[in-house]
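J.: Provided herewith is a single structure, encoded as structure tokens, for subsequent inquiry.
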Amino acid sequence: MAAKLPGNALDLAAAQGYSFYDILTIASIIEREAVIPLERPTIASVYLNRLAQGMPLQADPTVQYAMGYQTDSGQWWKTPVTLEEYSLVNSPYNTYLNYGLPPGPIANPGASSIMAASNRSKPLIFSLWVAAATVNISLPPILRPPTECGGVRGRLIGE
Numbered sequence: 136m137a138a139k140l141p142g143n144a145l146d147l148a149a150a151q152g153y154s155f156y157d158i159l160t161i162a163s164i165i166e167r168e169a170v171i172p173l174e175r176p177t178i179a180s181v182y183l184n185r186l187a188q189g190m191p192l193q194a195d196p197t198v199q200y201a202m203g204y205q206t207d208s209g210q211w212w213k214t215p216v217t218l219e220e221y222s223l224v225n226s227p228y229n230t231y232l233n234y235g236l237p238p239g240p241i242a243n244p245g246a247s248s249i250m251a252a253s254n255r256s257k258p259l260i261f262s263l264w265v266a267a268a269t270v271n272i273s274l275p276p277i278l279r280p281p282t283e284c285g286g287v288r289g290r291l292i293g294e
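Right under this line is the structure:
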């Protein structure tokens, strides 16, 4: 892994005001959120912009991590899940309820997610829904625009 990262990876983290551990935590969220590799820089931008503005991350993968293994379905990712259920997950990993980064990584991020977290190069986008409309990233059905989810409007917390 170290061979895939630039020699200045620690400097890139510090230039954004983060430790490398913080970057690994952000990258782990990106790793679980991204569907295709090209999405990673945009997803990173959304989360880094939210952190910079003191906004909650509202990252589904962090809540899914906190929810843990779903014995009834035999899966790690609960589906379907409602945003209301997220408010019931009492965990420091619940980034809908807790501001800032979760206590640590939620997955093992790849080099491309680490680099995306280390290089905020996208515009000031604060919503994955807006990002999807502007750069065509994939979103789960609950966050897709109405035309993509059968006329039922997806929504974000706070809408």
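All residue numbers for the sequence shown refer to the numbering used here, where the first residue is 136 and numbers rise by one.
Where is the CB? At the ideal position from N, CA and C, for every residue including glycine.
Note that the structure is predicted; figures quoted are calculated from it, not measured.
(1) Would you list the residues sitting across from Gln-205 in a DSSP beta bridge?
(2) Report yes if the CB atom of Ile-249 is closer than 8 Å to the CB atom of Ala-162, and no otherwise.
(3) For Pro-176 and Ser-208, I'd like the C-alpha separation in whole angstroms.
(4) What span of residues does the alpha helix (DSSP H) with Glu-220 cover, start to end?
(5) Are there 16 or more other CB atoms within 10 angstroms of the CB of Pro-172, so buried, or fewer, so exposed?
(6) Taking 7 Å as the limit between beta carbons, can you name the residues of its chain near Pro-227, skipping five residues before and five after?
(7) Where Ala-187 and Thr-214 are concerned, what is the direct C-alpha to C-alpha distance, given to the nearest angstrom?
T.: In brief:
(1) Gln-210
(2) yes
(3) 32 Å
(4) 218-221
(5) exposed
(6) Asn-233, Pro-237, Pro-238
(7) 31 Å
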